[in-house]
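One structure is given here, and the rest of the page talks about it.
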Amino acid sequence: MITNKEIADMLSQTANLLEIKGENPFKVRAYRNAAKLIENSSKDFEKLVKEGFDLTKLPGIGNDLSTYIKEIVTTGKFSKLEELKKEIPEGLIDMLSIEGLGPKRIKQIYDAFGVTSLDELKKYAENGELDKLPGFGPTLIQKILKGIKQLKKAGIRFLWADVEDMAEDLREYLSKFPGVEIVEIAGSYRRRKETVGDLDILVVAEDYMKVSEYFVKYPRVKEIHSAGLTRSTVFLDNDLQIDLRAVSRESYGAALHYFTGSKAHNIEIRKIAIDKDMKVNEYGVYKNDKKIAGKTEEEVYEAVGLCYMEPELRENRGEIEACLNHSLPNLVNLEDIKGDLNISVDLIDEAIKLGYKYVGVNAKIKRDDIKVYKILEVDVNKLEINEDYDFLVGIVNENATSENILKAIKKVDFLRFFRDIQAKKELNIDFETIFEEMKKENVALEVISKPNNLISEVLIKSAISKGVKISIVSGAKTKKELNFIKYGVNQSRRGWAENKDVINVSDNPF
DNA sequence: GCCGTTTTCGGCCCGACTGTTTTCAGTCG
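For the first sequence, my numbering begins at 1460 and goes up steadily by one.
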């Protein structure tokens, strides 16, 4: 039994080791791309291999990687990785998370001194040995020492919902500067990803040098990492990284597109441009060194022969193909939501204020001004029902067995799946099969909107593609939490949900 | 390591910033 995550981890560990070894960077990228593909797939790779599925059909997987994946699935081990581990000390991988140290410099340090651990590295940085290497000056060495201390902070991501207020406060702060025309927060924040690693803020201003100066004076800035003419990076008091990019009005669309990402989406767009003898960068689209687009995002997409794609779709998960076959989804909007099928009973009046036509609560109540459904939640492992209900929600917890889930599908109206984003806890079950059964039995997927418990957009997309309907609910216990439903809508949009897929966009959900 | 309707070899997205240089490599996003 091996999970997608475990396969992906082995491939990405291999990528790290190959990188330190000084292998061709494109080879390293091939391993990383494969790891990402597998980790983000709703398909169970162990099952695919056992069914004899041709892995080379997947984008970025060729003969070699296909063989490696099969080896990992059947033996639980990856001989190539084992070999590399013997060859390269493990401590070198930790060094990759040090700011300013990449594979080249790590290799340089290792070759010169045989340093294999962070402690040793610290010693060599402090005793002046590291200075002897070409390219290692005093500033870089200070940076390395600092990097060793801050190692643990690397890679932390914030929940989208937790940065929302900060992002809006920064937007307001920057908007106050005279001469600023546009402030937009790009990056994964604009793509509404469940977690964000940093904030990429784009500013159009008359004098961008002064904007940067103003930006770094934002009261919550703890540390200025870099400050250039067009790019600056700072850290806030809570360690959130903020990147500011100042651009001209003429390049705004190209810059917004570029900095919204995702990286994988951008790379695809650039490849398409290259095929048409064009070049795309953050300043515009160029043909024969002549700028042909860049003012708006729509213009950029049009210039390379594509349609506008909503930021939530830009993950290189088929949106480009969908655009080319004219099958891009028309995504659900928050305003389309007509009711919330999971709220506390004392929030009914608030729900009416929001304009909802119906709600689901944990009690039998009759109201003239709003339709109230009684929901009953049951753990799929203990499917005992002794109460009346209008609809039944099966809860799939961490310890739920596939057998119990499949049994529950025969009885329930909705299924809700456990997930804890910050604790990195995911269910390891065969979602593909479960979604197929759900479609057969007309069971809908409940998308609960709590920021830390959102179901992955990959699963939403997979469910929808199998014809499973979704119900976006807040799960609100307080008035404030009623607004959480927007997070569920965001995630559903990332899962390509259209109005036809969402139960609670209609006036009558049943 | 992947990929391909001009290619089975020779490309692979592209630019800013930093620190070290004396013109550029490494890192990062």
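C-beta atoms are modelled at their ideal positions from N, C-alpha and C, and glycine is treated no differently.
query                                                                                                              : result
CB-CB length for Q1700 against T1689, believed under 8 Å                                                           : Contact doesn't hold; Cβ gap of about 17 Å is too wide.
Best match in K1884, D1872, L1865 and L1793 for proximity to S1908 [C-alpha to C-alpha]                            : L1793
Alpha-carbon to alpha-carbon, G1559 and V1831                                                                      : 58 Å
For H1988, the three-state DSSP class (helix, strand or coil)                                                      : Outside the shown range of the chain, which is 1460 to 1969, sits residue 1988, and nothing can be said about it.
Spatial distance of F1876 from V1574 (CA atoms)                                                                    : 46 Å
V1917, enclosing beta strand (DSSP E) - first and last residue                                                     : Looking at the DSSP string, V1917 is not in any beta strand (DSSP E); the run it does join, the alpha helix (DSSP H), is E1916 to S1924.
When K1738, K1898, D1570 and D1734 are compared against V1871, the one with the closest alpha-carbon               : K1898
Pair within 7 Å by beta-carbon distance, E1498 and V1487                                                           : no
Terminal residues of the alpha helix (DSSP H) in which N1740 lies                                                  : No alpha helix (DSSP H) contains N1740, which is instead part of the beta strand (DSSP E) from M1737 to N1740.
Residues near V1804 in its chain [Cβ-Cβ closer than 8 Å; skip 5 each side]                                         : V1820, N1821, A1822 and I1824
Limits of the unbroken alpha helix (DSSP H) element including S1803                                                : Element bounds for S1803: n/a, residue is neither H nor E.
Residues near K1611 by beta carbon distance below 7 Å, same chain, minus five either side                          : Legend: pLDDT at K1611 = 49, less than 50; position of this residue unreliable, value from coordinates given subsequently. Excluding positions up to five away in sequence, the list is empty.
Cβ-based neighbour list, F1596, same chain, cut-off 6 Å, excluding 5 preceding and 5 following                     : The sequence given here places Gly at residue 1596; Phe does not occur at that position. Here the set comprises nothing.
Touching by the beta-carbon criterion (3+ pairs, under 8 Å), the stretch 1890-1906 and the stretch 1511-1520       : no
Bridge partners - F1694, DSSP secondary structure assignment                                                       : E1682 and Q1700
T1654 versus G1561: straight-line alpha-carbon distance, rounded                                                   : 25 Å
Cβ distance (whole Å) where Q1694 is taken to contact L1633 below 8 Å                                              : The residue asked about is misnamed: residue 1694 is Phe in this sequence, not Gln. Not quite, the Cβ-Cβ distance comes to about 17 Å (not below 8 Å), so this is no contact.
Nonlocal neighbours in the same chain, by C-beta distance under 7 Å from K1464, ignoring five residues either side : E1498
Reduced DSSP category for L1517 - H, G, I as helix; E, B as strand; rest coil                                      : coil
Residue environment, H1724, which counts as buried when at least 16 other CB atoms sit within 10 Å                 : buried
Sufficient close CB pairs (3 or more, under 8 Å) joining the stretch 1914-1931 to the stretch 1499-1513            : yes
Where K1611 sits in the DSSP three-state scheme                                                                    : Confidence at K1611 is low in this model, with a pLDDT of 49, below 50, so the placement of that residue should be treated as unreliable; the coordinate-derived value is given next. Here K1611 sits in helix by DSSP.
Where the beta strand (DSSP E) containing V1820 begins and where it ends                                           : Y1817 to V1820
V1852 versus F1504: straight-line alpha-carbon distance, rounded                                                   : 29 Å
Opening and closing residue of the alpha helix (DSSP H) in which K1893 lies                                        : Rather than Lys, the amino acid found at residue 1893 in this sequence is Ile. F1890 to K1899 is the span of the alpha helix (DSSP H), which, as asked, contains I1893.
DSSP state of L1904 mapped onto helix, strand, coil                                                                : strand
Beta-carbon gap between A1810 and V1839 smaller than 7 Å                                                           : no
Residues that E1643 bridges to, as DSSP identifies them                                                            : L1661
For L1661, the nearest candidate out of D1889, F1850, N1801 and H1716 (CA to CA)                                   : H1716
Within the stretch 1723-1778, ranges of the beta strand (DSSP E) (whole runs, at least 3 residues)                 : 1737-1740, 1743-1746 and 1749-1752
Under 7 Å between C-beta atoms of A1713 and V1759                                                                  : yes
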